[in-house]
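Residue numbers (my numbering): -6 to 211. No residue lacks a Cβ here, since even glycine has one placed at the ideal position from N, Cα and C.
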Ligand code: FES
């Protein structure tokens, strides 16, 4: 679904008419300042007060910057031949109330090839989860727009193996399921099987978990 225009979004946020916002934007673009517009252009803006004009000015700058970034990213994806007009319409989502915009780019087979999250308050889905969706099918693209998996996933715990995105809870669970060495953990979860820098941390976790299992059994 096409996103609303900047003036329409600001009008909604400020609870004013879009024509008021459009007229004010024209004045700002013509070089007028907030105090000038507040004092001498009340007729043109429909009487927007100083506070609303300042908010409008801030939001206009922010949303224009976001538009520029978004356009640059979409252009880059387009240049790689991965963005068709059809797909572009299906993969954008915005949440005005929370100040978020999300873009997921799917290739011809519906697999996710790129994702962009813009947020006003810094709330983003976990990076590992987003990275894990790349290359997956259209369903994961929809999950991505929602910013979370369609079905709740088990808590992985703090990530121990950055290469494979394996968390402490998964390593602990593998220990409970019979893994007794770092190699066993690698077979069960993949952790430690790439660069290997996480193996000492896996060994410590495993030692602790095996100790807990031994104490519980004693
Ligand atoms: S961090 Fe675990 S294999 Fe690289």
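With fewer than 16 other Cβ atoms from the protein chains shown falling within 10 Å of its own Cβ, residue 64 counts as exposed. In the three-state DSSP reduction, residue 30 falls in the helix class (H, G or I). Boundaries of the beta strand (DSSP E) harbouring residue 109: 105 to 112, taken from the DSSP string. Restricting attention to 187, 188, 197, 163, the CA atom closest to the CA of residue 181 is found in 163. Shown here, residue 159 sits in a strand according to DSSP, grouped into three states.
In this structure, DSSP gives residue 9 a state outside helix and strand, which the three-state scheme calls coil. The C-beta of residue 98 has 16 or more other C-beta atoms within 10 Å across all chains shown, which makes the residue buried. Counting the other CB atoms within 10 Å of its CB gives residue 179 a total of 16 or more, which places it among the buried residues. Residue 8 and residue 105 have their C-alpha atoms spaced approximately 36 Å apart. DSSP lists 159 as the beta-bridge partner residues of residue 154. The beta carbons of residue 125 and residue 158 sit about 6 Å from each other, so the pair counts as a contact at 8 Å.
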